[in-house]
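Numbering (the numbering used here), first residue to last: 6 to 195.
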């Protein structure tokens, strides 16, 4: 299942009318999203985003509440964490944040600097940080398309380690990420 199909599933399930995409990269995903009102943000002008600026600048000026936000911007822990925290302030209480690249398949895909076509970066570290520190969120990861993290307002049992290296992550990722197959997500959403 692709990220676009997963996004559209959430839009249909919750009847969202507004969609925000952080990191548009050629708008391949964005163009396939079926939502009444949708906008995308990317600092690269070749992406033809609605807002050609950094996500930090966008969120500083944003006054709108969004139903669903897809975070696929700069794949570095600190930026991904800022994007997620900003998105949490920008969604409705019933909103959903989907975070791409939460479950890299290989250690080389998560190296901090992009040196290959397949690059998930350290986005997974931002997701793990929130799993360890935010009991007021409901979080799990769909085991599709490099891991699609799902974040909603709710509650969760905290993962005990905020700091974690690749070896521990790779060994325990099923429990750290609450990794589920797409067919299982309804039991997580209630």
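The beta carbon of each residue, even a glycine, is placed where N, CA and C say it ideally should be.
Just so you know, these numbers come straight off a predicted model, no measurement behind them.
Touching by the beta-carbon criterion (3+ pairs, under 8 Å), the region 144-157 and the region 95-102
The region 144-157 vs the region 95-102: in contact.
Measuring straight from C-alpha to C-alpha, what distance separates residue 42 and residue 22?
Start at 1 with the first residue of the chain shown, and residue 42 comes out as number 37. Start at 1 with the first residue of the chain shown, and residue 22 comes out as number 17. Using only the alpha carbons, I get a separation of about 6 Å.
Extent of the continuous beta strand (DSSP E) run through residue 98
In the chain shown, the residue the question calls residue 98 occupies position 93. Note, residue 98: beta strand (DSSP E), 96-105.
Look at the alpha carbon of residue 77 and the alpha carbon of residue 61, and state the distance between them as a whole number of angstroms.
Taking the first residue of the chain shown as position 1, residue 77 is located at position 72. Taking the first residue of the chain shown as position 1, residue 61 is located at position 56. Distance between the alpha carbons of residue 77 and residue 61: 14 Å.
Rounding to the nearest angstrom, what Cα-Cα distance links residue 134 and residue 64 in this structure?
Against the chain shown, residue 134 aligns to sequence position 129. Against the chain shown, residue 64 aligns to sequence position 59. Cα-Cα distance, rounded: 21 Å.
Keeping to the same chain, check which residues put their C-beta closer than 7 Å to that of residue 184; ignore five residues upstream and five downstream.
Taking the first residue of the chain shown as 1, we reach residue 184 at position 179. 108, 146, 148 and 178, listed in sequence order.
Who are the near neighbours of residue 67 in its chain, counting only those whose CB is closer than 7 Å to its CB and skipping five residues on each side?
Working through the chain shown from its first residue, we reach residue 67 at position 62. If the five residues before and after residue 67 are omitted, its C-beta is found closer than 7 Å to the C-beta atoms of 95, all from its own chain and listed in chain order.
My understanding is that residue 131 touches residue 173, with C-beta atoms under 8 Å, so please give their C-beta distance in whole angstroms.
To locate residue 131, count along the chain shown from 1; it is residue 126. To locate residue 173, count along the chain shown from 1; it is residue 168. Contact flag wrong, Cβ pair sits at about 16 Å.
Suppose only complete runs of 3+ residues qualify. What are the beta strand (DSSP E) ranges in the region 38-81, listed by chain order?
Every unbroken stretch of the beta strand (DSSP E) spanning 3 or more residues and falling wholly within the region 38-81 is given here in chain order: 42-46 and 71-76.
If you follow the beta strand (DSSP E) that residue 26 is part of, which residue opens it and which one closes it?
The residue labelled residue 26 in the question sits at position 21 within the chain shown. Annotation for residue 26: the continuous beta strand (DSSP E) segment containing it runs 23-27.
Residue span of the alpha helix (DSSP H) that contains residue 174, given as start and end:
Sequence index remark: in the chain shown, residue 174 carries index 169 (1-based). Its alpha helix (DSSP H) spans residues 171-181.
With DSSP collapsed to three states, give me the class of residue 163.
Along the chain shown, one-based indexing puts residue 163 at 158. For residue 163, the three-state secondary structure derived from DSSP is coil.
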